[in-house]
Amino acid sequence: MLRSIPRIFYKGYESLLTQEVQNADVPRHIAIIMDGNRRYARKLGQMTSFGHSKGADITEKVMEWSCELGIEYLTIYAFSTENFNRSNDEKEKLFDLIRVKFNEIVVDERTHERRMRVHAIGDIEKLPDSLRDSIKNVELATSVYDKFNLNVAIAYGGRQEIVQAVREIANKVKTGELEPEDINEDTISSHLYPSGKTALPDVDLIIRTGGDERVSNFLPWQANGSECAAYFCAPFWPEFRKIDFLRSIRTYQARMKERRMHMTTRAAHFLKVLGKAEIEEVRQHSKTHN
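Start counting the sequence shown at 27; every next residue gets the next number (this note's numbering).
See below:
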């Protein structure tokens, strides 16, 4: 419905949503499954690369919106392990697009103004040499920053991530570097991507565009363990708007409000039950001594 209304009303609604979102806590870590680039291109009768290019433009806007709202971590699903099954032509063009975007981030003044740190997470060794070089370059160029963290999941699979973490931990146990009884959740988290670097914090909100309501093997450890909020929306990724982004955050805030209310209700009930128990104990004590 909002797609057909005059722009002035859209901007007014966007402003209202922004005010509402800023009046409550925003998620620390947002993860996005950017689905629908290819379907968007087909809808317009264009080549697949057109959809990926338009999708990359939206990714830049989401980075900007995240910084405006004070989001600390943004993790985007750029290329999954399953995507290696696509045609060589599509993969080559997509890898080249990602390489170009990484190179642009290095020289973009906004990167340094935002103090944005970039990490690529996934099985990087499976990527072309030119793209791996760009990843090393952008990670090195932004390594001193820590205000906003952009994580690009590329050649990524959630189960694969956990498997490689288990292998690393098992090897440390084998060499005596780690004792089995010392293994806990923090141990596993510290061995997930980005390998050898600071572990990603739990995901607070996961967004998926394109109409599908599934998480597609994306950050299973970081998302499922924290019971994060989920927001599924119909627009293809190149059609994703700021109001969609704001609505997703409002969904997170509503979930947090419900959780706090539930915890408050449980605490009140517990105190009520505890109070009754204490009163009954006093009564029994009085009867015993009378």
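Glycine included, every Cβ here is placed at the ideal spot set by N, Cα and C.
Excluding residues up to 5 positions away in sequence, 217 lie with their Cβ nearer than 6 Å to the Cβ of residue 195 in the same chain.
Pairing residue 185 with residue 72, the inter-Cα distance amounts to about 34 Å. Counting of Cβ neighbours within 10 angstroms places residue 193 among the exposed residues, the total staying below 16.
One thing to note: residue 260 has its Cβ no nearer than 8 Å to the Cβ of residue 277. Residue 141 and residue 56 have their C-alpha atoms roughly 18 Å apart.
Residue state for residue 97 is assigned as coil, using DSSP reduced to three classes. Its Cα nearest to that of residue 78, the residue 119 stands out among 113, 119 and 59.
In the three-state DSSP reduction, residue 204 falls in the coil class, being neither helix nor strand. Rounded to the nearest whole angstrom, the C-alpha separation of residue 282 and residue 59 is 22 Å.
Per the coordinates, the alpha-carbon of residue 198 lies some 41 Å from the alpha-carbon of residue 81.
With a 10 Å radius around the Cβ and a threshold of 16 neighbouring Cβ atoms, residue 50 comes out exposed.
According to DSSP, residue 143 shares a beta bridge with 175.
According to the DSSP assignment, residue 42 belongs to the alpha helix (DSSP H) that extends over 33 to 48.
In the same chain as residue 53, and ignoring 5 residues on each side of it, the C-beta atoms closer than 7 Å to its own belong to 97, 230, 231, 275 and 278, in chain order. Minimum Cα-Cα distance from residue 167 among the listed residues 213, 209 and 138 corresponds to 138. With 16 or more other Cβ atoms inside 10 Å of its own Cβ, residue 47 counts as buried.
According to DSSP, residue 58 shares a beta bridge with 102 and 233.
Taken atom to atom, the span from the alpha-carbon of residue 211 to that of residue 173 is near 26 Å.
Taking all protein chains in view, the Cβ of residue 187 is crowded by 16 or more other Cβ atoms within 10 Å, so the residue is classified as buried. When secondary structure is reduced to three states using DSSP, residue 66 falls in the helix class.
For the set 237, 238, 181 and 243, the Cα lying nearest the Cα of residue 220 is the one of 181.
Nearest neighbour of residue 225 by Cα position, chosen from 175, 267 and 111, turns out to be 175.
Rounded to whole angstroms, the gap between the alpha carbons of residue 67 and residue 88 is 20 Å.
Per DSSP, residue 121 is one residue of the alpha helix (DSSP H) stretching across 114 to 133.
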